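Written below as structure tokens is the structure these notes are about.
Residue numbers (UniProt numbering): 1 to 87.
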């Protein structure tokens, strides 16, 4: 999985957790998608794909490791890396 993390593009994962594709690019219109100020194209694209399809998108910020989950075009979960949830 570590080598896959270096890939640009998206992972397509089934509902059962099977990776169907990696490093793919999706043609999606990310205009008019509400995202937190300062977030870039990956986050806008993640929100947009969930707005236009029945999917859930997960992003991991390269600058700080923040994990965000998007559904129906909106950020529904934000996990900060400095908060330990489970020991």
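Cβ atoms here follow ideal geometry from the backbone N, Cα and C, with glycine treated the same way. Remember, it's a predicted structure, so these values are computed and weren't measured experimentally.
So is residue i in contact with chain C if we call contact Cβ pairs under 9 Å?
i: residue 30; result: Absent from the structure: chain C. Only one protein chain is present.
Just mark residue i as buried or exposed, buried being the case when its beta carbon has 16 or more other beta carbons within 10 Å.
i: residue 75; result: buried
i: residue 50; result: buried
i: residue 62; result: exposed
i: residue 20; result: exposed
i: residue 24; result: exposed
May I ask you to report which of helix, strand or coil DSSP gives residue i?
i: residue 30; result: coil
i: residue 49; result: helix
i: residue 87; result: Unreliable placement is indicated for residue 87, whose pLDDT of 48 sits below 50; the coordinate value is still reported in the next sentence. In the structure shown, residue 87 sits in coil (DSSP, three-state: anything other than H, G, I, E or B).
i: residue 23; result: strand
For the ligand ATP, I want to know if residue i counts as a neighbour, meaning its beta carbon is within less than 8 Å of at least one of the ligand's heavy atoms.
i: residue 81; result: As far as ligands go, the structure on display features none, and thus does not contain the ligand ATP.
Determine the direct distance from the alpha carbon of residue j to that of residue i, and round the result to whole angstroms.
i: residue 34; j: residue 80; result: 20 Å
i: residue 54; j: residue 72; result: 8 Å
i: residue 13; j: residue 32; result: 26 Å
i: residue 78; j: residue 26; result: 23 Å
i: residue 15; j: residue 8; result: 22 Å
i: residue 36; j: residue 68; result: 11 Å
Throw me the rounded Cβ distance for the residue i and residue j pair, which I believe falls under 8 Å.
i: residue 46; j: residue 11; result: Going by Cβ atoms, the distance from residue 46 to residue 11 rounds to 12 Å, so no, they are not a contact pair.
i: residue 44; j: residue 30; result: 4 Å
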